[in-house]
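Asker:
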Amino acid sequence: MPAAARERATLVVEPTDDGFTVIRFLVPDRRQNVLTAQVLADLAAALDRLATGSPPRGLILESGRTGSFFAGADLDRLETLHTLEAAELESLLTAGKRLFARLSQGVPTIAVIDGACLGGGLELALACDLRVATLADHTQLGLPEVKLGLLPGWGGTVRLARLIGPGPAVEFAAAGEPVDGLTAWRMGLVDACVPAAVASENARRLLAIHTAGDRIDRRRRRMAEPFDLDAAERDFLAATATAVMLGRTGGRYPAPPAILETILAGSAESAAAAERRESAAFARLAATPVARNLLRVFRLGERNRRDHGVGRGDEATAPPRSLVAPAVVGAGIMGGGIAASHLRAGFRVGLVDVDPAALARSVPAILDEAAWNRSAKRTDPTAAVALAGRLQTSTSLSALAGADVVIESVLERTDLKQQVLVEIERAIAPDAIIATNTSTNPITKLAEPLADPTRFCGMHFFNPVRRMTLVEVIRGPATTDATVAAVVAHAKRLGKCPVVVRDSPGFLVNRVLMPYLHEAVEMVREGVPPERIDRVSRGFGMPMGPIELYDMIGLDTALYAGLVMDAAFGDRIEASPVIPALVKAKRLGRKSGGGFYDYAGTGPKARVIDTGPGAATVLARYPLPPRETQDRTIADRLFLPMLLEALRVLDEGIVRDGRDIDLAVIHALGFPAFRGGLLAWADSIGAAEIVRRLEPLADLGVRMQPVPRLLELAQSGGRFTD
Amino acid sequence: MPVVVACCRTAIGRAHAEKGVFRHVRGDELAAAVVRAVVERSGVEPESIDDLLLGATQQRGELGGNVARCVGLMAGLPLSTAGVTVNRLCGSSLQAVAQAAHAIAAGAADVQLVGGVEHMHHLPMDGVVDIHPQVLSRTSRGMLSMGLTAEQLAATQGISRGEQEAYALESHARAAAATDAGLFADEIIPVLGHDESGGVVEVWRDQSIRGDASLAAMAALEPAFLPTLGTVTAATSAPLSDGASALLVMSHAEARRQGLEPLARVVATAVVGVPPAAMGTGPIIATRKLMARPAAAGITLAEIDLVELNEAFAAQAIHCIRELDLDPNRVNVRGGSLAIGHPLGASGARIVTTLLHTLAATRGRFGLATMCIGLGQGIAVLFERME
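As you go down the protein sequences, you meet chains E and C in turn. First residue of the first sequence: 1, per the numbering used here; consecutive thereafter. First residue of the second sequence: 723, per the numbering used here; consecutive thereafter.
Here's what the structure looks like:
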């Protein structure tokens, strides 16, 4: 590889005093070690050189970069996979496999795993005879390929199954979740787990222990042979794992079943045959649209993490102002959720509400949420006590004096919000930032009474705050770049994905959601059963259908949001008469025990009662003429208006980049990741076909009319995404 | 005729959260290691093993859910080998040995893999037990503390603190000498554990044995169970331990068929109940009962070459030696549990393992393994070495 040879080396080879050789990886110009082509070439060359000299007692593979063994394959390289023919791809994988195989052919080898050891990185470690992981928090071992619609392609499935057994191997590779060093040791994934400071020394000890006798040879034989799994166990594993996967993925993700099949069949044959099987399965998966879409979604997230929120998003700029003294005004559900997410992220946070009763109600809920231990599925009482000291409540806005960012989250009434914002502005330092959490109030309007609107913007969190990662950061007319960048950076510190949008009714998410919800109600009025609409939507991949969603949001809330949208976009999203009628009939959704559906109880988990009258009597007052209703038409009617609205959002420059739309619908609406996002989905159909599908719906009015951008793309054959 | 074909044990670790060599190793892993090793070193056909009997007193957490079956699966035993976990408190794995011998003698089984395990750091004795208050109607709360029963023995039998300490010192001295001479090398199989810095070590040595034990250091200790008045200290009580041990028991005919050489045959077994408050006297009554068995007819205690008497407490061991009139030079010749450690459920199989290795090395003929058991019981098993 002459071109590669000119580049800087990615590893150093060092003999030790006690007769071992260390290969230490440090991939230049990267924040993390990743397995680039250069790394593979350097490793091959290093092994060649070692083979010519007198053999060391053992070979130790470690990282020269703290916190990163290998974070995985080079994603830029992954992106090109889709362009390769299956045969080409398989030969590429074979080359990697051949290289990795050399790690268990000569002298005994061990990988020292400190930091991220993911994907190809873990496959490299698995290819060594032994592994030692560190107890450090940053040590994570995982095979996340499944999340990109792929499977490990460098022998990972083959070695994993032989090392920890086919059942656990399927679980581990199909879930894609990393484990820490101690868990990895319990699983048998690594041979030892020790403090980071003594990891290298222990690698030598382990090599010395295992070099005695025939232990290494036995291991190598075990890794080469089929895994002895009883036939009844094999069948049982196949049946149960398939059922679990179907339950989790609805059969829409091809990678988990492929992983199961590859591991099951591969563990019953020789490692050599299993490796060929794995390569073929990888090539099949890489060619699927799902893999392409999942990689795209991954890239959307990566881009979002780098996007500083102003300009193009990736220009070199001064680092944004770091906000360290946050406060929340309004101790309702949203304000409480926002405060809790600050505590979870390690902030000390102020919480102000003029109503002492509201404060008293919210504090226990905030601490419960902030101290929630996800793995134990309960609140950690010690953490709750510790966090209580970091939550400072007050009934007076004067408590905000020391804050550098205040997130206002009072009731969604414009006049009230304006009044509170003005009071906040008076109470805080002149350079402190004010953000308003609102889903329906125009930021422009809220900014009006402020003396200094340059430091003001919208910060729209979604409910429930702990689970919903998207945050819309809304620019008002006067908001400065510095304000936006600081709020974007702050949202990221809360673990959120901020998307910067211009002010517009419904901002981004609710604006593309409303046409979908609206269309669902129109179809119900035409006589389509709500269950059917929801089923089609879930069949498309949405986590719940639009009618279920209405009942979940609450019809009173939806009514208010609908009025806002009606005022702005009445030509296409008029407020349906059904919603106010349901609200009047006290059918508010799940919270009142009935909305479109009837529920046994009022909680979020209350079951739908099949025999209840539902909203039928209310709906009967607002009939629409029935139409042809194939499932496909229902899907078109739900999702094409959503797309058309997204294209308008693009045309109006509400978002800075179309990729923000896809990221937002996936994170906030649960739009199926395997479709890559709304625009990627549109690309999978093609603009011309979309225009054709809209034709029979033209009589429904403006809401089904192709927008100019769609017509242009249909003409040019261009794509919605870049 | 039931015979023992092979036996081994892990080194016994201290049950200590910072210093224990097995503090990061689960008890079931220790058990799997000895099971795997005993299969390997015996050369038994794995498919012929009917059952895996494991003694364990704290059958919960990592040793819960019938751990014997789990260990069989972990250790790679054939799926056809069943598994049962046995609990006779400290006598658990000696009970497992006895039970295996009974099954074989009765023709109910041919091959039984037997062992015991305890991880007193991960699963301490003061865990979840809910003794019925009415149990105490026939005894008293104090009997729940083994240390107090030892204090009672010391007081009623006139065993001074000095005697107890001298006994413990001798136990350490013998164990240290045996370790240094490599006498445990055959019975201990290495398991990966951790040194104090958290580094990996292959554990070959029992962690509680103190070659540097001294009467002066022992005299400085506070009584462990009975403040001020007591005579029993940490030095004269068996340490809390983590460890496992296993042996292969089979019918002589089956051993011959498989071409395996037995180490010893099981001559007779006995269990007995004694007053819970006199828990430490169990070995005396059990041994007398054992020697009265028809199978032991014609054998006298004086003819027994080696005795492994489990040392729960020095006071208790001293009392048993006196009452049975045993020759101290034939008892625990390589040291006892006071030094080596007492991983409750594993100790029975551990003392048998040590007994059979010592019998082989000294070319003795009869060996006795006996133990006291909480809530007032005793157990004894008699072996005869085979050439």
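The beta carbon of each residue, even a glycine, is placed where N, CA and C say it ideally should be.
(1) Tell me the rounded alpha-carbon separation between residue 16(E) and residue 1072(C).
(2) Between which two residues does the beta strand (DSSP E) containing residue 109(E) stretch?
(3) Among the candidates 974(C), 927(C), 798(C), whose CA atom is the shortest distance from the CA of residue 736(C)?
(4) Is the stretch 920 to 937 of chain C in contact with the stretch 758 to 767 of chain C, if contact means three or more CB pairs nearer than 8 Å?
(5) Got a sec: which bits of the stretch 772 to 806 of chain C sit with their beta carbon under 9 Å from any beta carbon on chain E, in order along the chain?
(6) So is residue 702(E) buried or exposed if we call it buried at 16+ other beta carbons inside 10 Å?
(7) Once you ignore the five residues that flank residue 673(E) on each side, which residues in its own chain have a CB closer than 8 Å to its CB?
(8) For a test of the three-state rule: what should DSSP assign to residue 319(E), helix, strand or coil?
(9) Whose Cβ in chain E lies nearer than 9 Å to the Cβ of residue 914(C)?
(10) Per DSSP, what kind of secondary structure is residue 768(C) in: helix, strand or coil?
(11) Of the choices 724(C), 921(C), 1104(C), whose alpha-carbon is the least far from that of residue 192(E)?
(12) Chain C partners of residue 108(E), CB-CB under 9 Å?
(13) Is there at least one Cβ from chain E nearer than 9 Å to residue 726(C)'s Cβ?
(14) Residues of chain E with CB closer than 7 Å to the CB of residue 922(C), please, in chain order.
(15) Have a look at residue 250(E) and residue 794(C) and give me their C-alpha separation to the nearest angstrom.
(16) For residue 277(E), I'd like the list of residues in its chain whose CB is within less than 7 Å of its CB, leaving aside the five on either flank, ordered along the chain.
(17) Nearest by alpha-carbon distance to residue 506(E): which of 273(E), 136(E), 649(E) is it?
(18) Going along chain C in order, which residues have a C-beta closer than 8 Å to the C-beta of residue 198(E)?
(19) When the distance is taken between beta carbons, is residue 773(C) closer than 9 Å to residue 973(C)?
(20) Note down the Cα distance separating residue 463(E) from residue 842(C), rounded to an integer number of angstroms.
(21) Does the structure place the stretch 852 to 863 of chain C close enough to the stretch 997 to 1014 of chain C that three or more beta carbon pairs sit under 8 Å?
(22) Extract the residue ranges of the alpha helix (DSSP H) inside the stretch 853 to 896 of chain C, only unbroken runs of 4 or more that lie entirely within it.
(23) Please report how far the alpha carbon of residue 465(E) lies from the alpha carbon of residue 436(E), in whole angstroms.
(24) In terms of residues, what are the limits of the beta strand (DSSP E) holding residue 964(C)?
(25) Quick check: the stretch 417 to 425 of chain E against the stretch 543 to 563 of chain E, are there 3 or more CB pairs under 8 Å?
(26) The beta strand (DSSP E) that contains residue 1101(C), what's its start and end?
(27) Chain C beta carbons: is any one of them nearer than 9 Å to that of residue 132(E)?
(28) One question on the structure: do residue 749(C) and residue 837(C) come within less than 9 Å of each other, judged by their Cβ atoms?
(29) Taking residue 253(E) as the reference, which of 335(E), 344(E), 150(E) has the closest Cα?
(30) If distances are taken between C-alpha atoms only, which option among 589(E), 424(E), 348(E) comes closest to residue 392(E)?
(31) To the nearest angstrom, report how far apart residue 79(E) and residue 352(E) are at their CA atoms.
(32) Which two residues bound the contiguous beta strand (DSSP E) that contains residue 448(E)?
(33) Cα-Cα, which of 957(C), 953(C), 730(C) is closest to residue 1033(C)?
(34) Ordered along the chain, which non-local residues of its own chain (more than five positions away) have a Cβ less than 7 Å from that of residue 1096(C)?
(35) Classify residue 236(E): buried if its beta carbon has 16 or more other beta carbons within 10 angstroms, exposed otherwise.
(36) Who are the near neighbours of residue 285(E) in its chain, counting only those whose CB is closer than 8 Å to its CB and skipping five residues on each side?
Answerer: Once the coordinates are examined:
(1) A straight line joining the alpha-carbon of residue 16(E) with that of residue 1072(C) spans about 42 Å.
(2) Taken as a continuous stretch (DSSP letters only), the beta strand (DSSP E) holding residue 109(E) covers 109 to 113.
(3) Taking each of 974(C), 927(C), 798(C) in turn and checking the Cα distance to residue 736(C), the smallest one comes out for 927(C).
(4) The stretch 920 to 937 of chain C is not in contact with the stretch 758 to 767 of chain C.
(5) Identification of residues in the stretch 772 to 806 of chain C having a C-beta nearer than 9 Å to some C-beta of chain E yields 798, 801, given in sequence order.
(6) With fewer than 16 Cβ atoms within 10 Å of its Cβ, residue 702(E) is classed as exposed.
(7) Within the same chain, residue 673(E) has close Cβ partners 293, 294, 297, 666.
(8) In the three-state reduction of the DSSP assignment, residue 319(E) falls in the coil class.
(9) Chain E residues near residue 914(C): 191, 192, 206, 209.
(10) Note: residue 768(C) maps to helix in three-state DSSP.
(11) With respect to the C-alpha of residue 192(E), the residue from 724(C), 921(C), 1104(C) having the closest C-alpha is 921(C).
(12) In chain order: nothing, as chain C lies at least about 15 Å away.
(13) It does not; no Cβ of chain E falls within 9 Å.
(14) 192, 194, 202, 205, 206, listed in chain order.
(15) When rounded, the separation of the alpha-carbon atoms in residue 250(E) and residue 794(C) is 37 Å.
(16) Contacts found: 262, 265, 266.
(17) With distances taken between Cα atoms, residue 506(E) lies closest to 649(E).
(18) Residues of chain C passing the Cβ test: 919, 920, 921.
(19) Contact flag unset, no.
(20) A direct Cα-Cα distance of roughly 48 Å separates residue 463(E) from residue 842(C).
(21) The stretch 997 to 1014 of chain C, when compared against the stretch 852 to 863 of chain C, does touch it at the 8 Å Cβ threshold.
(22) DSSP runs (the alpha helix (DSSP H)) wholly in the stretch 853 to 896 of chain C: 868 to 879.
(23) Their backbone Cα atoms lie some 15 Å apart in a straight line.
(24) Membership of residue 964(C) in the beta strand (DSSP E) is indicated by the continuous run 963 to 973.
(25) Output reads no: the stretch 543 to 563 of chain E does not touch the stretch 417 to 425 of chain E.
(26) Residues 1099 to 1107.
(27) Chain C, which has a Cβ nearer than 9 Å to the Cβ of residue 132(E), makes this yes.
(28) Contact check for residue 749(C) against residue 837(C) fails: the beta carbons are separated by 9 Å or more.
(29) The residue with the shortest Cα to Cα distance from residue 253(E) is 150(E).
(30) Here the closest residue by C-alpha is 348(E).
(31) Taking the Cα positions, residue 79(E) is about 48 Å away from residue 352(E).
(32) Going by DSSP, residue 448(E) is part of no beta strand (DSSP E) at all; its letter is neither H nor E.
(33) For the residues 957(C), 953(C), 730(C), the minimum Cα distance to residue 1033(C) belongs to 957(C).
(34) For residue 1096(C), same chain residues with a beta-carbon under 7 Å away, outside a window of 5 residues either side, are 811, 812, 868, 1001 in chain order.
(35) So residue 236(E) ends up on the exposed side.
(36) Closer than 8 Å at the Cβ level, and outside the excluded window around residue 285(E), lie 149, 150, 151, 254, 255, 258, 291.
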